[in-house]
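Under numbering that gives the first Met the number 0, the first residue of the first sequence carries the number 0, and numbering increases by one thereafter. Backbone N, C-alpha and C fix where the C-beta goes; we use that ideal spot for every residue, glycine too.
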Amino acid sequence: MRYLEGMNDRQREAVLATDGPLSVLAGAGSGKTRVLTTRIYHLIRTGVPTEHILAVTFTNKAAREMRERLAAQLGEGAPLPLIATFHGLGRVLLEEYGSAIGTPRYFSIFDRGDSERVVKNALKEIGVDPKEVPPRAILARISKAKGEGLTAEGFHERHAHEGFRARLTNDVWTRYDRTLAREKAFDFDDLIALPVRLLEEHADVRAAVEERFHYIHVDEYQDTNELQGRLVNLLAAKHRNIFVVGDIDQTIYTWRGATIDNLLSFDRTYPDAKTIILEHNYRSSGTIVSVANTIIAHNKNRKEKRSVTDNPPGEPITLYAATGAEQEASWVAKEAKKAIAQGAALEDIAILFRTNFQSRALEEALLQEGVPYRLLGTRFFERKEVKDVLAWIRLALLPSREADRMRAVQAPPRGIGKVTLGKLVAGERRALRAGERAKVEAFEAIVAALAEAAESATPSTFVRLVIDKSGLEHAFAGGGEDDHERLENVHELATLATRYDAVAGHEGIAAFLADAALASDQDELDRTPDARGVTLMTVHAAKGLEFDTVFVTGMEEGLFPHEGMGDDENRDEEEERRLFYVAVTRAKRQLVLTFARVRRIYGADYLQEPSSFLHDIDAAHVRYAQTEEEPTVYL
DNA sequence: ACTTGCGTAGTTTTT
DNA sequence: CTACGCAAGT
Ligand SMILES: Nc1ncnc2c1ncn2[C@@H]1O[C@H](COP(=O)(O)OP(=O)(O)OP(=O)(O)O)[C@@H](O)[C@H]1O
């Protein structure tokens, strides 16, 4: 068993204890993910059929990486187990067993923008001004309640007496559900909530699913919410071979409903559970491990846990004080360039930040210095032009989709507007004037032609066809810089689709669509796998990753730790510190912290103070980088 | 039906 | 500052 070589005793124990419930609690860089992957490999090698194995990861990217690693170990063409995010798993369950609760065979998935639009319309229907009551607030409330397993009715029972806002939420929710049902769509929360309901209420489905997954693995278990925990427990109910790994110090999604209770109550849910603790950090230098330990020790709300490492102390941590955000960015870019000149690989460098808006200055500086980079969090799949193309594709596969038709008909504008569309929906086709009717028929001819092409085209050729036939290509071609960028984006979508070209026709295109719907946001690393560059992303997006050199920028009070509105208790400060702990522990060899004294937010300049987190670092581990002005001591 | 121009509101973090 | 919603013009 060569794959066990190099693992320490407890890692090995975790890999080999395949039967019964087991949790692995361990700090950053202790090999949790590696243990999980090795364990799956071990199961397969010892004869467990892949279809009986399930692994749930936090991001699509993590799922992809795990699949790739397993594929490399198992050899080309070997069958792989289901490795998916919770939402991906939910989608599979609904697709395969959802008929028991009336789930349509083909459904689309609404992202936050789609959902907000629905909430807004619902508010208008009710007669409430969306400016008085922000749709996002209502949506947040619905989403949170769904995460606790409530339905609109359940919410009504529990909260209806609480006043206007709760009644309004309930009213919106009911309409929201109706709209999504009509449009054959689910939102992200539904992808968890509905499978749970499906399993809880349908014994036959439960029996089938229980028999399907004999071995269940969950990575990053500390950041799952209540409903996700319930889903896992339902799946594992029969065979009870459930393996979860996590680090409560890396809980950074409580704002989204994540609760460490799932991890903490694991041995109550499974009294026979074994718990393995890993303390050895294999990732980072001694200095980084030591600093990380000190940082997280400042949190009160935790169990004492320290990482140890055999790695040499390595280099000190670098701290740089810039005058402004531009100087900070420019310095980071120059340092990155220096590192690359000295032989560092582009993908070994990451530049992290707390909030997305900080990326702009960094991007400009990297451009200036000619350092190639990849930026995550651009919300590629939420861009209008991308959503337009996706709507066209869905429409071609299923021409009865009203929402997609409305979208496609206006992308690009083709002389068909609200009035004409309204008549069409009402079935008053004859009421159209000749001019309008010709336009409608032209549009329908395009849809029909695309629908036919979809029968046999490969996903990527089909996407290109859609871009062309829809008229988007033409509409963007003549335009300015913005249009040029839009054109590039839709072409990138076509490039992305290439990955699905192995299966042509409806099946391949549908697979592409399904992944695109869940691939939102940070999985964009996947988008352009061949494009090399330094990685720019938020600390949240960096969870689970590792880099040789890590820059953490914007180390300023109010920014990191981030201060929202004043109404928060001390819990948030602790989550911010956990976030900082995550940031620091991404680095293998070199950690660089930077901050700016002045930062422009909304066009106004603000005087910034260095982050209080910097005080938590032992000065003996810090080296001050050359500042352009007089050196100042901050610690 | 669609484009243009003004006013206002707003930002953590993301599946 | 900019992105978006909304009102008036073409
Ligand atoms: N026994 C070992 N010997 C050598 N290297 C190891 C060992 N175990 C893990 N590693 C390496 O340590 C690094 C961290 O492992 P991994 O990403 O699995 O840790 P993790 O606990 O999941 O971290 P995090 O909580 O930060 O996501 C990886 O590069 C991995 O290959």
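Same chain, Cβ closer than 7 Å to residue i, five either side skipped, listed in chain order
{"i": "Thr49", "result": "Ile43, Pro78, Leu79, Pro80"}
{"i": "Pro312", "result": "Ser284, Gly285, Thr286"}
{"i": "Asn120", "result": "none"}
{"i": "Arg9", "result": "Ile275, Leu277"}
{"i": "Val489", "result": "Glu384, Val385, Val388, Ile466, Leu471"}
{"i": "Lys333", "result": "Glu368"}
{"i": "Asp266", "result": "Ala272, Thr274"}
{"i": "Phe442", "result": "Val408, Arg413, Ile415"}
{"i": "Thr253", "result": "Glu574"}
{"i": "Glu161", "result": "none"}
{"i": "Ala192", "result": "Lys145, Gly148, Leu226"}
Residue i classed as buried or exposed, judged by whether at least 16 other C-beta atoms fall within 10 angstroms
{"i": "Ala618", "result": "exposed"}
{"i": "Gly46", "result": "exposed"}
{"i": "Leu524", "result": "Bear in mind that a pLDDT of 45 at Leu524, under 50, signals an unreliable position, so the number given afterwards is only what the model happens to contain. Answer is buried; the Cβ neighbour count reaches 16."}
{"i": "Ile276", "result": "exposed"}
{"i": "Glu629", "result": "Residue placement at Glu629 cannot be trusted, given a pLDDT of 48 that sits under 50; what the coordinates show is reported in the next sentence. Exposed."}
{"i": "Asn300", "result": "exposed"}
{"i": "Asp248", "result": "buried"}
{"i": "Ala180", "result": "exposed"}
{"i": "Ile616", "result": "buried"}
{"i": "Gly76", "result": "exposed"}
Close Cβ partners of residue i (< 6 Å) along its chain, the five nearest in sequence each way excluded
{"i": "Thr317", "result": "Val591, Arg622, Ala624"}
{"i": "Ile82", "result": "Ala54, Ala62, Met65, Arg66"}
{"i": "Val243", "result": "Ser22, Val217, Tyr220"}
{"i": "Phe154", "result": "Ala144, Asn169"}
{"i": "Ala603", "result": "none"}
{"i": "Tyr499", "result": "Pro458, Gly507, Ala510, Phe511"}
{"i": "Leu92", "result": "Pro194"}
Proximity test, residue i beta-carbon vs ligand 3 heavy atom, cut-off 7 Å
{"i": "Gln221", "result": "Ligand 3 is not part of this structure, which contains only ligand 1."}
Check whether residue i and residue j have beta carbons under 8 Å apart
{"i": "Asn59", "j": "Leu517", "result": "yes"}
{"i": "Glu325", "j": "Ala349", "result": "no"}
{"i": "Arg90", "j": "Leu190", "result": "yes"}
{"i": "Ala184", "j": "Phe85", "result": "no"}
{"i": "Glu454", "j": "Gly507", "result": "no"}
{"i": "Tyr96", "j": "Val204", "result": "yes"}
{"i": "Asp188", "j": "Gly126", "result": "no"}
{"i": "Ala410", "j": "Ser469", "result": "yes"}
{"i": "Ala338", "j": "Thr548", "result": "yes"}
{"i": "Arg596", "j": "Gln589", "result": "no"}
{"i": "Ile395", "j": "Ala450", "result": "Contrary to the premise, residue 395 reads as Ala rather than Ile in this sequence. Contact flag set, yes."}
{"i": "Phe475", "j": "Leu464", "result": "no"}
Option nearest residue i by Cα separation, candidates the options
{"i": "Glu620", "options": "Ala27, Ala257, Ala291", "result": "The question names Glu, but residue 620 in the sequence shown is His. Selected option, being the one with the closest Cα: Ala291."}
{"i": "Phe559", "options": "Asp571, Leu394, Thr548", "result": "Asp571"}
{"i": "Val551", "options": "Glu484, Glu327, Ala340", "result": "Glu327"}
{"i": "Ile600", "options": "Ile251, Thr354, Glu303, Asp615", "result": "Thr354"}
{"i": "Ala493", "options": "Asp482, Thr460, His483", "result": "Thr460"}
{"i": "Ala496", "options": "Gly256, His505, Val462, Glu506", "result": "Val462"}
{"i": "Leu263", "options": "Gly245, His279, Gly256, Asn280", "result": "Gly245"}
{"i": "Arg378", "options": "Thr537, Ala444, Pro103, Ser289", "result": "Thr537"}
{"i": "Gln227", "options": "Gly256, Val204, His201", "result": "Gly256"}
{"i": "Phe212", "options": "Arg196, Ile392, Glu156, Val231", "result": "Val231"}
{"i": "Ile141", "options": "Glu115, Gly76, Ile125", "result": "Glu115"}
{"i": "Val331", "options": "Thr308, Thr534, Pro134", "result": "Thr534"}
{"i": "Tyr580", "options": "Val171, Leu365, Gly26, Ala338", "result": "Gly26"}
{"i": "Arg33", "options": "Arg205, Glu182, Arg282, Asp128", "result": "Arg282"}
{"i": "Thr322", "options": "Arg598, Lys31, Asn7, Pro20", "result": "Arg598"}
{"i": "Ile445", "options": "His483, Lys417, Ile392, His238", "result": "Ile392"}
{"i": "Glu586", "options": "Pro270, Arg485, Glu346", "result": "Note on residue identity: the sequence assigns Ala, not Glu, to residue 586. It is Glu346 whose Cα lies nearest to the Cα of Ala586."}
{"i": "His279", "options": "Asn310, Ala296, Glu303, Thr258", "result": "Asn310"}
{"i": "Glu639", "options": "Leu197, Thr223, Arg239", "result": "Outside the shown range of the chain (0 to 634) lies residue 639, about which nothing can therefore be said."}
{"i": "Ala510", "options": "Glu363, Glu94, Leu179", "result": "Glu94"}
{"i": "Pro270", "options": "Asn298, Ala207, Ile241, Gly87", "result": "Ile241"}
{"i": "Gly30", "options": "Thr584, Lys336, Leu578, His614", "result": "Thr584"}
{"i": "Ala343", "options": "Val370, Gln357, Glu363", "result": "Val370"}
{"i": "Leu88", "options": "Lys123, Val132, Ile52", "result": "Ile52"}
Contacting residues, own chain, Cβ-Cβ under 8 Å from residue i (five flanking each side not counted)
{"i": "Pro609", "result": "Ala320, Met554, Glu555, Glu556, Phe594, Tyr633"}
{"i": "Leu138", "result": "Arg111, Ser114, Glu115, Val118"}
*Would you call the segment 150 to 166 and the segment 61 to 71 in contact, with 3 or more CB pairs under 8 Å?*
no
_Within 8 Å, do at least three Cβ pairs link the segment 432 to 446 to the segment 533 to 552?_
no
*Is the segment 28 to 38 close to the segment 2 to 20, with three or more CB pairs under 8 Å?*
yes
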